[in-house]
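>
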Amino acid sequence: MAFRSMGLLAYVSLGFLLAGPSLTGAEADYCPMEWLPFQGHCYKLFTDKLTWSDAAISCQNHCPGCNLASIHSSEESAEVAKYVTKYRGDSSNVWIGLRDPRKVGACQTRRWLKL
């Protein structure tokens, strides 16, 4: 996975990837149509052109428990990358949630992940 600096956040707008809790059923976890189910979470790609901050707010307003997706494993990265490619169809970038546990506070330097 390659990381690159985003540059000035105010001038960047990309689609975004939302992650939320799946609806647990008797047999298995359930996600709505066109959402990716993966390890108890549901992922949905939105192509709205938003800043990172606006994308984060939009996710939280979409449904309870939803946030920008955070990738925690290579397996998760591979599944999400396939899903994004399927629904996006191009090599454009998407916003995901990132957190540096070594830093405290809401305003951190954000980087983007090339899926």
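When you line the sequence shown up against mature numbering (1 follows the signal peptide of the UniProt record, and there is no 0), it's residues -28 to -1, 1 to 87, in that order.
C-beta atoms are modelled at their ideal positions from N, C-alpha and C, and glycine is treated no differently.
1) If the criterion is Cβ atoms closer than 8 Å, does the pair I68 and I29 meet it?
2) What separation, rounded to the nearest whole angstrom, lies between the Cα atoms of P4 and G37?
3) I'd like to know whether the C-beta atoms of Y55 and L8 end up nearer to each other than 8 Å.
4) By DSSP, does W67 sit in helix, in strand, or in coil?
5) Judging by CA-CA distance, which residue of S46, A50, L40 and C35 is the nearest neighbour of L17?
6) Output the boundary residues of the alpha helix (DSSP H) element that contains H34.
7) Apart from the five residues just before and just after Q11, which ones in its own chain have a Cβ nearer than 8 Å to its Cβ?
Taking the geometry as given:
1) no
2) 15 Å
3) Annotated as proximal: Y55 and L8, with beta-carbon spacing under 8 Å.
4) Shown here, W67 sits in a strand according to DSSP, grouped into three states.
5) L40
6) W24 to H34
7) E48
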